[in-house]
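Colleague: Top line first, the protein sequences correspond to chains C and G. For the first sequence, position 126 matches number 126 in our numbering, and the numbering has no gaps at all. In short: position in the second sequence from 1, add 1000, done, that's our numbering. Every residue gets a Cβ at the ideal spot worked out from N, C-alpha and C, and that includes glycine.
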Amino acid sequence: MSAILIGTGEFSGAVWRRTWHPRVRTGSSPDATPRKARILSDWSSCLRAIAQKRDREAFVLLFGHFAPRLKGFFLRGGAGNGLAEDLAQETMLMVWRKAAMFDPERAQASTWIFTIARNLRIDAKRRERDPNLLAEFFEGVAEPTPSDQLVSAERCEALHRAIRELPPDQAEAIRLAFFEDRPHSEIATALGLPLGTVKSRVRLAMTRLRALVEERQ
Amino acid sequence: MIQHHPEPYLLAAYAGGSLPRGAALIVACHLEACVLCRQESGLWNCAGGALLEDVAPAPMSAGALAQMLARLDEDEPQRPAPPSFLSRFGIPEALAAQKIGRRRFVTPSIWFAPVEAPGEVKRGAARTYLVYAKADTVLAEHSHRGREFTHVISGAFSDGTGTYRAGDFALTDDTVHHAPGVTQDGECLCLISAEAPMRLKSFPARLVQAVTGSQY
């Protein structure tokens, strides 16, 4: 099964719910929640199964879904193909090791995995500057810290929906804010926009997201 | 009560992994202390989760899964224990996960300790370190070639721009010349990350720098 899942890169949540987690399909009212939400909560179940039972099958499922996305994220952040693949692997290894730290009540699986990837990205940039640091590359820094899990999974899902509804220029500003640490100079230059415009777009997007999240609660 | 916070664009850059490692560590320490910024950064983390779900998936190479499964039983690297000279301070979790080097006294009342791998400390490179000063101490007047990020772990210091207490975040750049002083009521321990070594202003201070070999 795993070969099929990995080979396709993207697979339907329904395929594995039937084989691995029948409870979801036969639950009292499985159709009451949107399909996306059910899939996301199933990623949480995978993490729980890894934490409690060292469940390799659950890990394979997570890997099939997240590894190609993680690689895509690192590529988007400027890593080369080889490094992006290594970092995706390192993120998934950390997911396996730290699954017990994941609290489904307090965070969404994709957000939690993202914070690990983000920490690895920070360290990868250090390695780029100094290749001699290879040996101690992955030590310590990528551990999720308590400060990374505060927004509830429910609120986070509302935010995900809100982001998908942002106007394109605000969505792009959010994406750029993620990948540049100096909106004051480089983003403005890259976009050929005045500095104030860039800053206000990010601020506007965040205000909008906050409002949308609160509206839906 | 925390008075000084990182600007929103820094929280966004932190959430996306775009900050240099030392600066990211400073922001992570601030987040542990500051519930307001933690909420803001939580939103950005969620945005990151959405980004991860929506990013174009890049297929992994053919043997990736097999390689991955073979690594699951590898031993986990152990986190180093923080050095004993920090045991009387409550240090943030994010800092406790780092390698902290030996402290060096530059005067009887001031010491520095590097927070990075030994190979990383070299002249001209970005650096992250702890600095401790006793009550009523003033650091030599200096300026910075790049940005300098500070998190106050314990105590307080003041410079021309304000007073910074435990949990506060400070960012200075090459426009700031300052001689930070520790307030009278107690000692001060800070975590600092600078993009380039500081420039000391006075001749005696430069001499101390030369004699101690201090690159801070």
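So for Asp1168(G), helix, strand or coil by DSSP?
Modeller: Here Asp1168(G) sits in coil by DSSP.
Colleague: Which of helix, strand or coil does DSSP assign to His1030(G)?
Modeller: Reduced to three states, the DSSP call for His1030(G) is helix.
Colleague: Just tell me which of Gly78(C), Arg76(C), Gln89(C) and Gly77(C) has its CA closest to the CA of Phe59(C).
Modeller: Among Gly78(C), Arg76(C), Gln89(C) and Gly77(C), the Cα nearest to that of Phe59(C) is on Gln89(C).
Colleague: Please confirm if Leu1052(G) has its CB atom under 7 Å from at least one CB of chain A.
Modeller: As a matter of chain content, chain A is missing from the structure shown, whose protein chains are C and G.
Colleague: Once DSSP output is grouped into helix, strand and coil, what is the label at Gly1048(G)?
Modeller: Looking at Gly1048(G) - three-state DSSP - the assignment turns out to be helix.
Colleague: When you compare each of Phe1169(G), Ala1133(G) and Arg1103(G) to Ala1179(G) by their alpha carbons, which one comes out closest?
Modeller: When only C-alpha atoms are compared, the closest one is Ala1133(G).
Colleague: In three-state DSSP terms, what is Pro1080(G)?
Modeller: If DSSP states are grouped into helix, strand and coil, Pro1080(G) belongs with coil.
Colleague: What residues from chain C crowd round Val1138(G), counting only those whose CB sits closer than 8 Å?
Modeller: Per Cβ cutoff of 8 Å: no residues; Val1138(G) is ~31 Å from chain C at best.
Colleague: Taking its Cβ as the centre, do 16 or more other Cβ atoms sit within 10 Å of Ala171(C), making it buried, or is it exposed?
Modeller: Ala171(C) comes out buried.
Colleague: Just to make sure I have the definition right: I need the residues of chain C whose C-beta is within less than 9 Å of the C-beta of Gly1090(G). Which are they?
Modeller: Within 9 Å Cβ-Cβ: nothing; Gly1090(G) doesn't reach chain C, min ~14 Å.
Colleague: Have a look at the DSSP bridge pairing and note the partners of Asp86(C).
Modeller: BP columns for Asp86(C) are empty, so no partner.
Colleague: Among Phe74(C), Ala107(C), Gly196(C) and Thr207(C), which one has its Cα closest to the Cα of Asn119(C)?
Modeller: Taking only the C-alpha atoms, the option nearest Asn119(C) is Phe74(C).
Colleague: I'd like the list of long-range same chain contacts for Ile1110(G), defined as Cβ closer than 8 Å, with 5 residues on each side in sequence excluded.
Modeller: Hits under 8 Å: Val1131, Tyr1132, Ala1133, Lys1134, Thr1137 and Leu1139.
Colleague: Chain G partners of Gln89(C), CB-CB under 9 Å?
Modeller: Ordered by position in chain G, the residues that pass the 9 Å Cβ test against Gln89(C) are Met1060, Ala1064, Gln1067, Met1068 and Arg1071.
Colleague: From Ile113(C), Ala173(C), Leu159(C) and Phe178(C), pick the residue whose C-alpha is nearest to that of Gly196(C); which is it?
Modeller: Comparing Cα positions, the closest option is Ala173(C).
Colleague: Asn1045(G): buried (16+ other C-beta within 10 angstroms of its C-beta) or exposed?
Modeller: Buried, because 16 or more other Cβ atoms sit within 10 Å of the Cβ of Asn1045(G).
Colleague: Considering only the beta carbon of each residue, do Val95(C) and Ile122(C) sit closer than 7 Å?
Modeller: It is not a contact, given that the beta carbons lie outside the stated cut-off.
Colleague: Check whether the segment 1072-1080 of chain G and the segment 1046-1054 of chain G touch, using three or more Cβ-Cβ pairs below 8 Å as the test.
Modeller: Cβ pair count under 8 Å is below three, so no.
Colleague: May I ask which residues mark the beginning and end of the alpha helix (DSSP H) holding Phe1089(G)?
Modeller: Segment: none, Phe1089(G) is in no alpha helix (DSSP H) and carries neither H nor E.
Colleague: Whose C-alpha, out of Gly1167(G), Val1055(G), Gly1016(G) and Ala1015(G), is nearest the C-alpha of Leu1189(G)?
Modeller: Residue Gly1167(G) is the option with its Cα nearest to Leu1189(G).
Colleague: Rounded to the nearest angstrom, what separates Pro1057(G) and Leu176(C) at their Cα positions?
Modeller: Spanning the two alpha carbons is a distance of roughly 19 Å.
Colleague: Grab me the residues of Thr1128(G)'s own chain with a C-beta within less than 6 Å of its C-beta, minus the 5 sequence neighbours each way, in chain order.
Modeller: Hits under 6 Å: Gly1022, Val1115, Glu1116 and Ser1193.
Colleague: With DSSP as the reference, please indicate the residues paired to Pro1114(G) in a beta bridge.
Modeller: Pro1114(G) pairs with Tyr1129(G).
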